[in-house]
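Numbering (our numbering), first residue to last: 9 to 284.
Notes follow once the structure below has been shown.
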Ligand SMILES: C[S@@+](CC[C@H](N)C(=O)[O-])C[C@H]1O[C@@H](n2cnc3c(N)ncnc32)[C@H](O)[C@@H]1O
């Protein structure tokens with residue numbers, strides 16, 4: 009099997025396909041990276057050419073193969089308490105405000121949180137930990153925590169709740185012992201079943217609207233780095249649509265969507281609120 013590198017034409021066809029499926033626009037310089045990643049998959053499947061693989065993906069549209077392909081081209085890096093200030097805001101400002109509004113009967117005792125593009129779940133579980141730490145203030149509330157990602161592989165990893173050591177680098181010892189159990193031979197950590205039962209995960213593509221009730225808080229972080237402007241616009245409109253009036257959008261530092269958030273009120277560099 010002689011699989012050197014994608015030709016510029018093949019690269020263009022694959023990246024157009026990736027763009028249509030995910031909104032991710034691969035730059036010209038990514039030809040070697042994409043060639044290497046696809047080549048690995050061709051060897052596994054014993055397929056002899058990039059073209060045969062392209063035809064398999066685009067004509068047969070096998071959902072599992074599409075999954076493998078999307079996994080090969082997306083970046084899933086994440087960890088618990090990533091950009092810690094966002095979670096300090098969640099615990100110290102967002103939750104007390106929501107609690108006070110309910111005490112004054114200005115809102116029901118319900119709360120819906122969405123980690124959009126959650127990868128293997130660390131972001132949503134971090135929010136679950138923050139909520140658990142003040143759970144007595146939210147006794148009797150109807151709370152829903154949803155994590156979604158385009159990658160089914162990431163979603164099933166999130167549901168299992170097993171994490172490598174590096175995912176917990178920013179997690180204090182106290183939280184490690186309260187919320188995790190260490191795997192034998194220091195091979196990683198499993199999160200407590202109680203936290204797994206607080207969280208729901210589903211596959212979802214940000215280029216399509218999220219059906220169902222609106223959210224009081226959405227975390228959208230470290231997702232749009234490879235999106236072009238048009239896909240960012242589509243995804244951001246879908247997110248804003250899913251935000252309840254008064255709801256908060258938490259944005260990652262490198263996502264480059266600040267100029268698309270004009271309908272929201274800017275509170276801090278990372279926090280945008282939907283007007284009532
Ligand atoms: C780097 S991770 C970010 C995880 C987490 N939000 C964080 O900040 O740590 C980016 C995730 O975006 C997902 N993703 C990429 N394109 C997507 C799309 N169109 N819809 C939903 N998720 C997408 C990838 O599968 C990946 O898991």
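All C-beta atoms in this analysis are idealised placements derived from N, C-alpha and C, irrespective of residue type, glycine included.
query	result
From the DSSP output, in three-state form, read off residue 273 for me.	strand
Would you call residue 250 buried or exposed, if buried means 16 or more other Cβ atoms sit within 10 Å of its Cβ?	buried
Take residue 168 as the anchor and find which of 236, 200, 152 has the nearest alpha-carbon.	200
Would you mind giving the Cβ-Cβ distance between residue 226 and residue 257, rounded to the nearest angstrom? I have them listed as a contact below 8 Å.	5 Å
What residue range is occupied by the uninterrupted alpha helix (DSSP H) comprising residue 27?	16–30
Taking 8 Å as the cut-off, does the segment 161–175 touch the segment 230–237 (at least 3 CB pairs, one atom from each stretch)?	no
CA-CA distance, residue 28 and residue 22?	10 Å
So is the beta-carbon of residue 174 under 6 Å away from any non-hydrogen atom of ligand 1?	no
Need the endpoints of the beta strand (DSSP E) that residue 119 sits in, please.	118–124
For residue 91, tell me which candidate among 279, 260, 267 has the shortest Cα-Cα distance.	260
Is the CB-CB distance between residue 228 and residue 247 below 7 Å?	yes
Within 10 Å of its beta-carbon, does residue 17 have 16 or more other beta-carbons around it, so buried, or fewer, so exposed?	exposed
What distance in whole Å lies between the Cβ atoms of residue 75 and residue 160, which are believed to be in contact at a cut-off of 8 Å?	5 Å
Please go through the segment 26–105 and give each complete alpha helix (DSSP H) segment of 4 or more residues, from N-terminal end onward.	39–53, 58–63, 71–81, 92–97
Could you say which of 219, 254, 255, 213 lies nearest to residue 239 if we only look at CA atoms?	213
Is residue 189 helix, strand or coil when you go by DSSP?	strand
Where DSSP assigns a beta bridge to residue 228, which residues make up the other side?	259
Return helix, strand or coil for residue 146, following the three-state DSSP convention.	helix
In this structure, how does DSSP classify residue 200 when only helix, strand and coil are distinguished?	coil
Using 10 angstroms around the beta-carbon of residue 244, count the other beta-carbons present and answer buried if the total reaches 16, otherwise exposed.	buried
What I want to know is whether the C-beta of residue 162 ends up closer than 6 Å to one or more non-hydrogen atoms of ligand 1.	yes
Which partner residues does residue 210 have in the DSSP bridge list?	156
Tell me whether the beta-carbon of residue 175 lies closer than 7 Å to the beta-carbon of residue 124.	no
Is the segment 79–91 touching the segment 125–136 in the sense that three or more CB pairs, one from each, lie closer than 8 Å?	yes
With a 10 Å radius around its C-beta and 16 neighbouring C-beta atoms as the bar for buried, classify residue 277 as buried or exposed.	exposed
Kindly list the residues whose CB is nearer than 8 Å to the CB of residue 217, restricted to its own chain and excluding five residues on each side of it in sequence; keep chain order.	246, 249, 250
Apart from the five residues just before and just after residue 127, which ones in its own chain have a Cβ nearer than 7 Å to its Cβ?	84, 86, 157, 162
For the alpha helix (DSSP H) that residue 1 lies in, which residues bound it at each end?	Missing from the structure shown is residue 1; the chain here goes from 9 to 284 and no further.
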